[in-house]
Each structure stands twice: as structure tokens, then as C-alpha cells.
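Under this note's numbering, the residues of the sequence shown are numbered 310 to 391, in order.
Report on one structure; see the data block that follows.
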Amino acid sequence: MGSDHVTDPGKKVGLKPCPFCGSLGGEAVTLHYQIWCNDARHEDDEHTIWFVSCEKCGMEGPRKWSRKEAIDAWNRRHVHEA
Ligand SMILES: [Zn+2]
310 MGSDHVTDPG KKVGLKPCPF CGSLGGEAVT LHYQIWCNDA RHEDDEHTIW FVSCEKCGME
370 GPRKWSRKEA IDAWNRRHVH EA
């Protein structure tokens, strides 16, 4: 109960490679989500923080309130900082 911290492989959710070290989305780059409310009834988007991180260099993308936003933010960053 509560404070679950789960990861999805980047390959599964279409993440681009790390903009800093170039690690591939399907390997070191993963999508995380963390439920911050201890009440199990609140396990929905409004109580879940999503972010992408790179296991290799420790880079973390911006924290967002939805899976799609977190993925979009990471993928956009890759384009801008190419
Ligand atoms: Zn990296």
C-alpha cells in the first residue's frame, strides 16, 4: 500500500534516447510513476507523478501529472537539445 514506485521500459512506451548521454530508450531510459497518496482509492492520474529517467547518467525529465505529458516532455527535450 502506498508509495509504490514502478518503472516501465522505455521501449514499451516509445521513449527517445537520453539527450545527455545518448542511451537508448529501450535500455537505460525508463518511465517511472510514483503514487504519492497512501489511500489506495486514489491510485489514479491525479495522484500519480510520472517522470522519465536515464539509468546511465542519472538524468531525470520533468515531473508530470500524466503519463502522456511525461513522455512528451522527455521526447521534446531530445529534439530541442539535439
Ligand atoms: Zn543518460
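The beta carbon of each residue, even a glycine, is placed where N, CA and C say it ideally should be.
Taken through DSSP and simplified to helix, strand or coil, Trp359 comes out as strand. By the Cβ neighbour-count rule, Pro371 is exposed, with fewer than 16 other Cβ atoms within 10 Å of its own.
Of the residues Asn384, Glu364, Gly323, the one whose Cα lies closest to the Cα of Val338 is Glu364. Taking the CA atoms as reference points, Pro328 sits about 11 Å from Glu369. Beta-carbon to beta-carbon, Val361 and Leu324 are separated by about 6 Å, close enough to satisfy the 8 Å threshold.
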